[in-house]
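Residue 0 in this note's numbering sits at position 3 of the sequence shown, and the numbers go up by one each step. Glycine included, each C-beta is placed from N, C-alpha and C at the ideal position. Have a look at the structure below before the remarks.
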Amino acid sequence: VAWYNGHPSYSDLKINLTNVESAVVIGNGNVALDVARILLSPIEKLEKTDIADYALEELSKCRVRQVHVVGRRGASQSAWSTAELREVASIPGCSVVMRPEEVALDAVDEEAVAK
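Below, the structure is given as structure tokens:
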């Protein structure tokens, strides 16, 4: 995130996405979903944002077509909002797939949701 947001400490980071077709993002928070969104968004959409020029140049060569967002916590602990998830799902050609058995609430999740 710091790389594509133009943070000076990360502007020299060399990221080559030219030959990458599949990516895995670890985490189930809004940052993880933001990384997935950036990797999957059409370059025309990113050009209308304030994304760093060097990141835009590299992302224009991006060939990522599949992103797996893997959370280390349960579904009820996911930190992204429904709106953020809908934004990713609205990317042309993007399908959000959640396996029912992976998002089913267990006893701990049920208790967390009830609070």
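Counting along the chain, where does the beta strand (DSSP E) carrying residue i start and finish?
i   : result
R67 : Correcting the residue type first, residue 67 is Val in the shown sequence and not Arg. Unbroken beta strand (DSSP E) run through V67: 63 to 67.
In terms of residue numbering, what span does the alpha helix (DSSP H) encompassing residue i cover?
i    : result
L82  : 79 to 86
V100 : 97 to 100
A104 : 104 to 111
For residue i and residue j, which I take to be in contact (beta-carbon distance under 8 Å), what is that distance rounded to the nearest angstrom?
i   : j    : result
N25 : Q74  : 7 Å
A76 : L102 : Rounded, the Cβ-Cβ distance is 16 Å, inconsistent with contact.
V61 : L14  : 6 Å
Y1  : I48  : 5 Å
Between residue i and residue j, what straight-line distance do the alpha-carbon atoms span, to the nearest angstrom?
i   : j   : result
G90 : Q63 : 10 Å
M95 : P5  : 36 Å
E44 : R70 : 34 Å
At least 3 beta-carbon pairs within less than 8 Å: the segment 41 to 56 vs the segment 76 to 83: no
Segments assigned alpha helix (DSSP H), at least 4 residues, entirely inside the segment 6 to 55: 27 to 37, 40 to 43
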